[in-house]
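Start counting the sequence shown at 207; every next residue gets the next number (this note's numbering). Quick reminder that beta carbons are idealized off the backbone N, C-alpha and C, glycines included.
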Amino acid sequence: MPLTSLDSSRIVDTIDVLVRRIEERFPTASLVQVAREVARVARGTSDRVIDLGRPNRALRTGVWVLVVGFLVVLFGMVPALRLSWQIRAGTELIQTVDALLEAVFFIGGGVLFLVTLEGRLKRSRALEALHELRALAHIVDMHQLTKDPEVLLVSGPRTASSPERGMTDFELQRYLDYSTELLALIGKVAALYSARMSDPVVLSAVDEVEELTTGLSHKIWQKIALVRVVAERKARGPAPAAKHLGAGTSGARARARR
207 MPLTSLDSSR IVDTIDVLVR RIEERFPTAS LVQVAREVAR VARGTSDRVI DLGRPNRALR
267 TGVWVLVVGF LVVLFGMVPA LRLSWQIRAG TELIQTVDAL LEAVFFIGGG VLFLVTLEGR
327 LKRSRALEAL HELRALAHIV DMHQLTKDPE VLLVSGPRTA SSPERGMTDF ELQRYLDYST
387 ELLALIGKVA ALYSARMSDP VVLSAVDEVE ELTTGLSHKI WQKIALVRVV AERKARGPAP
447 AAKHLGAGTS GARARARR
């Protein structure tokens, strides 16, 4: 596979490794179930994208058989209609042209519907899968909403509905890191459809999923930056208290040292 295209197997392997990392770090966290679901969808996407990239020969054969059969029946009925091609007035010409145009539009519309049937069926399947990926991205975001690093800076009394906040600074940062990685991989899974399909509606839906995952990741990275600031402050320790000296005291002490 060229370097300019995404490898679905590599993406699936990366997600599987991430699932194991989350399981080992947070074995009881609900994020583990979300990661497993992302892995399941990614494996299904790999097979689905390959299937969508293949021509549906059975459907194409059936469509062309119907089109040819429809045209054969149509032209077979023309002699039985006993049409008169002698036009004696302008109104007859208009009526004849109007009837021909209606027949052309009707037949052309039916043929176009049959010919584009395969593309529309593939588009429907792709959009349904992309909707599932969009929902997974929102689920990942929901699981990190209560992981608020501001409580590390400001502590206050808990309420009965306050979420549990038992993570250390390191654990909170890793949890948020895993969330951004899941979002990035969801975007990469969505991009697999753009590599195999050129449908503009599908490409637009892929862009929407990637924009969504990127935007959600940016919000989480703001939290990660705040956690790092708190960790650095704790590593430095408390700042030394400032000493307030009275007027003229510093000069007197300097003279005494001399």
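Item, Value
"Simplified DSSP state of M403, which is helix, strand or coil", "coil"
"For D375, the three-state DSSP class (helix, strand or coil)", "helix"
"Three-state secondary structure assigned by DSSP to L351", "coil"
"Member of T386, T322, D222 and L378 whose CA lies at the smallest distance from the CA of H344", "T386"
"Per-residue burial, L287 [other beta carbons within 10 Å of its own, 16 or more giving buried]", "Residue placement at L287 is flagged as unreliable, the pLDDT there being 47, under the threshold of 50; the coordinate-derived value follows with that caveat. Per the 10 Å Cβ criterion, exposed."
"Anticipated Cβ contact below 8 Å, L237 with H349, distance rounded", "5 Å"
"Distance CB(V408)-CB(A248) smaller than 7 Å", "no"
"At least 3 beta-carbon pairs within less than 8 Å: the region 334 to 344 vs the region 379 to 393", "yes"
"At least three beta-carbon pairs within less than 8 Å, the region 248 to 260 to the region 396 to 404", "yes"
"Check whether V218 and L388 have beta carbons under 7 Å apart", "no"
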